[in-house]
Amino acid sequence: RHLLGEGLGSLNVKELKQLETRLEKGISRIRNRKHEMILAETENLQKREILLEQENALIRAKIQENEKLQELSMMSSGGPELSMMPGGGTELNMMAAAPHDFNFQAAYFARNMNLMMEGAAAYPVPDKK
């Protein structure tokens with residue numbers, strides 16, 4: 001009750017000073033904890049930024065590679081490349097517009113799983129009592 005600033009009229013100067021000291025220590029602990037959490041979040045965001053930059057570089061490289069392959073394919077065939085589908089139909093090769101490389105998708109999935117696991121370790125769920 002006193003910590004909320006209520007019922008202070010009955011306290012003497014010494015008790016008020018002790019209450020003030022307790023409040024200042026509590027505020028200091030709160031500020032330190034907040035500072036630690038902000039630093040941890042900043043570090044996590046910096047790591048995520050690096051991963052996203054690496055991912056962007058991989059995507060750009062893949063797009064460039066696919067554009068070169070498509071350009072070479074168009075030069076050698078004189079037009080868009082057609083591939084035979086298992087059902088007997090044909091499909092326009094759209095790898096440059098939408099890369100569907102399994103290795104790329106697997107690496108992307110693994111990287112995102114690592115991010116999720118790091119985030120779970122950084123913010124543990126408190127035990128229910």
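Residues in the sequence shown are numbered consecutively from 1, following UniProt numbering.
Ideal placement from N, C-alpha and C gives every residue a C-beta, glycine not left out.
Own chain residues within Cβ distance below 6 Å of MET75, not counting five before or after: Excluding the 5 residues flanking it on each side, MET75 has no same chain C-beta neighbour closer than 6 Å.
If you draw a straight line from the C-alpha of GLU71 to the C-alpha of ALA40, how long is it? 46 Å
Quick one: residues in its chain with C-beta nearer than 6 Å to the C-beta of GLU15, no 5 flanking neighbours on either side, listed in chain order? none
Would LEU23 and LEU11 be called neighbours here (beta carbons separated by less than 8 Å)? Not a contact, by the Cβ cut-off of 8 Å.
Cα-Cα separation, LEU45 to THR21: 36 Å
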